[in-house]
Amino acid sequence: MMKYAITEQCVGCHACALVCPNNAVFADPDKPQQFMIHPRRCTGCENQYDTPQCATICPVETAIVDELMIAVNPIGSLTGIVPLHVGRAQ
Ligand code: SF4
Ligand code: SF4
3 MMKYAITEQC VGCHACALVC PNNAVFADPD KPQQFMIHPR RCTGCENQYD TPQCATICPV
63 ETAIVDELMI AVNPIGSLTG IVPLHVGRAQ
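Following my numbering, the numbering of the sequence shown begins with 3 at its first residue and continues without gaps.
The following block contains the structure:
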């Protein structure tokens with residue numbers, strides 16, 4: 003089962019918290035703009051949805067990563083804008 007986590011790119015928009023079917027998302031009590039995923043509550047949405055619902059709705063690139071720390075929405079995936087220094091595969 004793949005688990006997900008939220009990075010410091012999070013802007014605290016609440017969207018992921020509203021769609022998580024397992025109440026796994028919460029705001030950092032010390033930093034309300036930073037949301038977090040409870041590692042035991044997160045099931046990766048397995049047996050519930052085809053995609054992790056938090057990452058599917060998150061509007062911020064690289065804010066949600068899988069357990070390998072790979073962004074579900076990498077740079078350029080939502081905006082179509084890839085900074086020159088990141089480059090594209092040819
Ligand atoms: S992957 Fe699914 S269960 Fe895990 S935090 Fe995201 S929405 Fe919740
Ligand atoms: S949807 Fe993305 S930006 Fe919004 S609170 Fe969740 S992780 Fe943060």
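All C-beta atoms, glycine included, are put in the ideal place defined by N, C-alpha and C.
- When Cβ pairs closer than 8 Å are counted between the two stretches, the segment 54 to 66 is seen to touch the segment 7 to 16, the count reaching three or more.
- The bridge partners DSSP lists for Lys33 are Asp30.
- If you look at Ala7, you'll find it in the beta strand (DSSP E) that goes Tyr6 to Ile8.
- Under the three-state reduction of DSSP, Ile66 is assigned to strand.
- Annotation for Thr81: no alpha helix (DSSP H) segment contains it, and DSSP assigns it neither H nor E.
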